[in-house]
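J.:
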Amino acid sequence: VLDVHGNSIVAVHDGDLVKVHIHTLYPGNILSFAQQYGEFVKIKVENMSEQHSHLVEEDKVEKEASQTQAPKKKNALIVCCSGEGIEEMFKSQNADYIVSGGQTMNPSTEDFVKAVRAVNAENVFILPNNSNIVMAAKQAKEVVEDCNVIVIESKTIPQGMVASMMYNPEEEVEENTLEMEEALSSIKTGQVTFAIRDTSVDGVEVKKDDFIGIIDKKIVTCEPDKFKVCYYLIENMVNSETSVITCFAGKDISDEELSNLEAVIKEKYESQGIDIDIKRGDQPVYSFIIGVE
């Protein structure tokens, strides 16, 4: 229904809330229309034309300043993530620049523009690694005019991980783009985080401060024990074709807990010929981020 009023629509259902993002020339019409369906909790209206003009002007200044830099390299990779362990993983996979951000910490378009300038490359690949961050990355692509920006629409850290594995700094743009985009569908993502309120989602009863288990954006379980949730997710993500399980432990997980987790997972799945890679990600918000290939 909203597509007749604007574009770039993103709508997310979260319990009894609906979060909507839309670009429109007539924000008053959108507010009047939406008010028919419920009470507003939070409203944010920004002049994107003014913001875009400001960013373009800033980019021109930065472009002039960067013209004295060394010649541009062929390709560069920018990754958005948080957590020291996850950052190090991406750096080991040829990431040239880390934009700090993730769930609840969305970087701005300006952050991406500055990153693109900093890497000084002809072709710049961006991995947003979060559905809420894709739009800011795409807006940066519109602002930067003197290099080729390619946004690979990774929605999770595991998707970004496999996409960055396929990235080759020496390869042509078309090959890199194709291989990175194809990699996104090769992995399933599981996430364990805490509930901020009581609710019911997709038939799952969620209690405040319990731990939610999410598989590819769908809440599938909720328990007081975060480790039980982690094991449940893995069990429901693994199948006969699974070859690798990767798990990033958040900053709330102790070294002893991490060691025990690794032992349990290896005991159950290594005998099935599955490679197990348990890493300390030290990410906020999520106790565990799991990738199953």
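Per our numbering, the sequence shown starts with residue 1155, numbered consecutively. Here a beta-carbon is modelled for each residue, glycine too, at the ideal position from N, C-alpha and C.
Just to confirm, is the Cβ distance from Val1346 to Thr1353 under 9 angstroms?
T.: Contact: no.
J.: Please confirm if the segment 1187 to 1194 is in contact with the segment 1227 to 1237, defined as three or more CB-CB distances below 8 angstroms between the two stretches.
T.: The segment 1187 to 1194, when compared against the segment 1227 to 1237, does not touch it at the 8 angstroms Cβ threshold.
J.: Just reading off the alpha helix (DSSP H) that Ala1272 is part of, what are its end residues?
T.: It spans 1263 to 1273 - the alpha helix (DSSP H) in which Ala1272 sits, taken as one unbroken run.
J.: Cα separation between Lys1433 and Tyr1440?
T.: Whole-angstrom Cα-Cα distance: 14 angstroms.
J.: From Leu1415, Ile1388, Pro1438, pick the residue whose C-alpha is nearest to that of Glu1447; which is it?
T.: Here the closest residue by C-alpha is Ile1388.
J.: Is Asn1393 a contact residue of the ligand FMN, with contact defined as CB to any heavy atom under 8 angstroms?
T.: Within the structure as shown, the ligand FMN is missing, as the structure has no ligands at all.
J.: Whose C-beta lies closer than 7 angstroms to the C-beta of Ala1219 among residues of the same chain, with five residues either side of it excluded?
T.: Because the pLDDT at Ala1219 is just 48, under 50, the model does not fix this residue reliably, and the point stays unresolved.
J.: Quick one: Cα of Lys1372 to Cα of Asp1356, how far?
T.: Using only the alpha carbons, I get a separation of about 8 angstroms.
J.: Under the assumption that Lys1228 contacts Pro1323 (Cβ atoms under 8 angstroms), give the Cβ distance between them as a whole number of angstroms.
T.: Confirmed, Cβ separation roughly 7 angstroms.
J.: Does DSSP put Pro1181 in a helix, in a strand, or in coil?
T.: Residue state, collapsed to three classes: helix.
J.: Where do the N-terminal and C-terminal ends of the alpha helix (DSSP H) with Glu1307 fall, by residue?
T.: Looking at the DSSP string, Glu1307 is not in any alpha helix (DSSP H), and its letter there is neither H nor E.
J.: If you run the structure through DSSP and keep just helix, strand and coil, what is Lys1372?
T.: DSSP places Lys1372 in strand when its eight states are reduced to three.
J.: Between Gly1237, Gly1182, Val1358, which has its C-alpha nearest Phe1402's C-alpha?
T.: Phe1402 has its Cα closest to that of Gly1237, out of Gly1237, Gly1182, Val1358.
J.: Measuring alpha carbon to alpha carbon, tell me which of Ile1280, Glu1395, Val1398, Ser1308 ends up nearest Ala1337.
T.: Of the listed residues, the one whose Cα sits closest to Ala1337 is Ser1308.
J.: Check whether the segment 1391 to 1406 touches the segment 1421 to 1433, taking contact to mean three or more Cβ pairs, one atom from each stretch, closer than 8 angstroms.
T.: Verdict: yes, contact present.
J.: Quick one: grab the DSSP three-state call for Thr1343.
T.: Strand.
J.: For a quick check, are the C-beta atoms of Val1327 and Cys1301 less than 9 angstroms apart?
T.: It is not a contact, given that the beta carbons lie outside the stated cut-off.
J.: Please report how far the alpha carbon of Val1278 lies from the alpha carbon of Gly1314, in whole angstroms.
T.: Approximately 15 angstroms, taken between the alpha carbons.
J.: What residues in its chain sit with their C-beta under 6 angstroms from that of Asp1406, if we drop five residues either side in the sequence?
T.: Ser1441, listed in sequence order.
J.: Hey, would you say Gly1435 sits closer than 9 angstroms to Ile1252, going by beta carbons?
T.: No. Outside cutoff.
J.: Mind reading off the beta-carbon distance from Gly1344 to Gly1367? Whole number of angstroms is fine, and I expect it under 8 angstroms.
T.: Contact holds; Cβ gap of about 7 angstroms.
J.: If you draw a straight line from the C-alpha of Thr1263 to the C-alpha of Ala1290, how long is it?
T.: So the alpha carbons of these two residues sit roughly 5 angstroms apart.
J.: Could you spell out where the alpha helix (DSSP H) holding Leu1412 opens and where it closes?
T.: First-last of the alpha helix (DSSP H) with Leu1412: 1409 to 1423.
J.: Buried or exposed: Ala1275, going by 16 or more other Cβ atoms within 10 Å of its Cβ?
T.: Answer is buried; the Cβ neighbour count reaches 16.
J.: Quick one: measure Cβ to Cβ for Val1358 and Cys1376, integer angstroms, because I've assumed they're closer than 8 angstroms.
T.: About 6 angstroms separates the two Cβ atoms, so the contact holds.
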